[in-house]
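So the sequence lines, in the order shown, correspond to chains Y and H. Under this note's numbering, think of the first position of the first sequence as -6, with each following residue one higher. Under this note's numbering, think of the first position of the second sequence as -6, with each following residue one higher. Don't be surprised by glycine CBs; every beta carbon is placed ideally from N, CA and C.
Protein chains: 2
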Amino acid sequence: MMQLIRPIWEFLILILANLLSQAPAMKMPGFYPYPMPYYTSYCLSWRVGVEANNVRYFHTVPPQCVTYIENYMLGGQYNSDVGVVIQQIFAYLDETVPSDDGKDAWIFDVDDTCLSNVMYYGNKRFGGVPYDPMSFKSWAERGMCPAIPAVLGLYRRLLQSGYKVFLITGRDEVTLRLSTTQNLFMQGFLGYEKLIMRNPLYRGMGAAMFKSSMRKQLVDEGYRIRGNIGDQWSDLMGDCSGDRTFKLPNPMYFVP
Amino acid sequence: MMQLIRPIWEFLILILANLLSQAPAMKMPGFYPYPMPYYTSYCLSWRVGVEANNVRYFHTVPPQCVTYIENYMLGGQYNSDVGVVIQQIFAYLDETVPSDDGKDAWIFDVDDTCLSNVMYYGNKRFGGVPYDPMSFKSWAERGMCPAIPAVLGLYRRLLQSGYKVFLITGRDEVTLRLSTTQNLFMQGFLGYEKLIMRNPLYRGMGAAMFKSSMRKQLVDEGYRIRGNIGDQWSDLMGDCSGDRTFKLPNPMYFVP
């Protein structure tokens, strides 16, 4: 008889211990009975680190994340992320009206802001190989970059609302002005106030400093920078960055 | 005979058309034959938007994202994201040695930087209900917030390396100093230079401005702020933000 009762007791104690142990577990992070399994991903953490400006100065996408970044860029999540940024900007624009002196301005970066280089990076393992300036120049000279549709929508809304739009790009003034203006025109980016490119005086200067200097000149001319959108933190940092800045996703490369 | 040949021809033409159509499709973003399906998520886009400082001034987590955020916080991805931030800081520290004048400083925020409030927010639908200052004060008075282990590791490494650590928090000096110092002590945050809390003079001031003022005072005292870590952009923006800033994830609430 005792041989039978002991296992039953042990079983009951186990159940009781289990029930009791759930009470503190309910309050312990990491042991919380969450309703769905959530699979952790180092590559997602890395990508969020890039967007939050924690991960900097990387030369290539980590090798184990190349396929992840490819899926991210082409599988829809990148477009979803861009969409949420533009949605936030539209909500911000709903709250403000530009004054009628023509001095309310917005700044746009060009590469991977107005124009997409995803087709180019598709041949560069989505950032899995180091940046190759000559090869990128050949690509840019072709003037075949497609518009990022959601950004084009924003651009048109800003012009319709009466903002002045300035495009500021690190692309070289001397070699790439013609192909860039043609590319922008063909993709529907018409009516901007000025396309500011990197002239020989600014060669070798970091993007953040170059772009700050250009914005400073606009502010000195009396423009009020109401917003500033780019895919790199170097588009958005430094002096005269604007009343609000918006970071578009780009886990493929880092421009200091 | 013709009746038999026509379907064969049509079939061959279809195959040829299909083969030809794959060439441009290979180069079209969105039609790229990516190796794995990637499921898009609005809530992931929203969360990345918070981390990138695009999504601001939100009062609650969007209702459709409450379960997503719960899974994110408790399912491991949050811990993974924190881990990557700390990894980046360790890599940064490997490159620098503090000077021996004792003036190299690091700034830490307290809530959801040193100490976790996930247990508290577990009862607040992980940010799905509006912030309740009275209820949060009761929680903070209990002094029961657990350390975020990876941040504690960073904290210890900084002290060992010879940095001075300053904790700057928006918690109220008068009502919460005792419970906060006890909580920090119990969780292993010992040896900091100063715990700077919000005294009555700064009540009602935005966190970014309050924290900037406190950092400015440290810089005026001769400290060089080598790094600054917090879970809110308002911890990291404004004057004297530090040589590098690090944003810890927090999609549960927004402090302006």
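From the beta-carbon of aspartate 102 of chain H, no residue of chain Y is found nearer than 7 Å; the closest lies around 15 Å away. With contacts defined as CB atoms closer than 8 Å, glycine 220 of chain Y and aspartate 232 of chain Y fail to qualify as a contacting pair. Residues of chain Y with a Cβ closer than 8 Å to the Cβ of leucine 151 of chain H do not exist; the shortest Cβ-Cβ separation is about 17 Å. With a contact defined as Cβ atoms closer than 8 Å, valine 59 of chain H and phenylalanine 119 of chain H qualify at about 6 Å. The beta-carbon of asparagine 46 of chain Y is placed less than 8 Å from the nearest beta-carbon of chain H. For aspartate 236 of chain H, the secondary structure class from DSSP, reduced to helix, strand or coil, is coil. Contact between glutamate 44 of chain H and proline 242 of chain H holds: their C-beta atoms lie close to 6 Å from each other, under 8 Å.
When the beta-carbon positions are compared, glutamine 80 of chain H and threonine 33 of chain Y stay at least 8 Å from each other. Assignment of phenylalanine 203 of chain H by DSSP, reduced to helix, strand and coil, places it in the helix class. Taken through DSSP and simplified to helix, strand or coil, alanine 45 of chain H comes out as coil. Flagged as an interface residue toward chain Y: tyrosine 35 of chain H, by a C-beta distance shorter than 8 Å. With contacts defined by Cβ atoms closer than 8 Å, leucine 211 of chain Y and phenylalanine 159 of chain Y form a contacting pair. Here glycine 68 of chain H is buried: its Cβ has 16 or more other Cβ atoms, across all protein chains shown, within 10 Å. For aspartate 104 of chain Y, there is no enclosing beta strand (DSSP E), as DSSP marks it with neither H nor E.
Looking at the DSSP output, isoleucine 62 of chain H sits in no beta bridge, so it has no partner there. Assignment of glycine 121 of chain Y by DSSP, reduced to helix, strand and coil, places it in the coil class.
Identification of chain Y residues near phenylalanine 119 of chain H by a Cβ-Cβ cut-off of 9 Å yields none; the smallest Cβ-Cβ distance measures about 10 Å. Rounded to whole angstroms, the gap between the alpha carbons of aspartate 74 of chain Y and serine 109 of chain Y is 15 Å. Taking CB atoms only, phenylalanine 129 of chain H has no neighbour in chain Y less than 8 Å away. Excluding sequence positions up to five before and after serine 172 of chain Y, its CB lies within less than 8 Å of the CB of Ala133, Glu134, Arg135, Gly136, all in the same chain and listed in chain order. In this structure, DSSP gives glycine 76 of chain H a helical state, which the three-state scheme calls helix. What valine 78 of chain Y touches in chain H, judged by beta-carbon distance under 7 Å, is Gly42, Asn47, going in chain order. Annotated three-state conformation of glycine 115 of chain H is helix, per DSSP. A Cβ-Cβ separation of about 24 Å leaves tyrosine 216 of chain H out of contact with alanine 140 of chain H under the 8 Å criterion.
Identification of residues in the region 200 to 222 of chain H having a C-beta nearer than 8 Å to some C-beta of chain Y yields an empty set.
A Cβ of chain Y is located within less than 8 Å of the beta carbon of tryptophan 39 of chain H. Going by DSSP, lysine 157 of chain Y is part of the beta strand (DSSP E) stretching over 157 to 165. In the three-state DSSP reduction, aspartate 97 of chain H falls in the strand class (E or B).
Looking at the DSSP output, asparagine 192 of chain H sits in no beta bridge, so it has no partner there.
Separation of valine 90 of chain Y and phenylalanine 182 of chain Y (C-alpha to C-alpha, rounded to the nearest whole angstrom) is 22 Å. Its chain contains Leu188 as the residues whose beta carbon lies nearer than 7 Å to that of threonine 174 of chain Y, once the 5 sequence neighbours on both sides are disregarded; these appear in chain order. In the structure shown, isoleucine 218 of chain H falls within a strand segment according to DSSP collapsed to helix, strand and coil. Assignment of glycine 146 of chain Y by DSSP, reduced to helix, strand and coil, places it in the helix class.
Proximity of phenylalanine 239 of chain Y to chain H, defined by a Cβ-Cβ separation below 8 Å, is satisfied. Using a Cβ-Cβ cut-off of 8 Å, glutamine 225 of chain Y does not count as an interface residue toward chain H, since no Cβ of chain H sits closer than that to its own.
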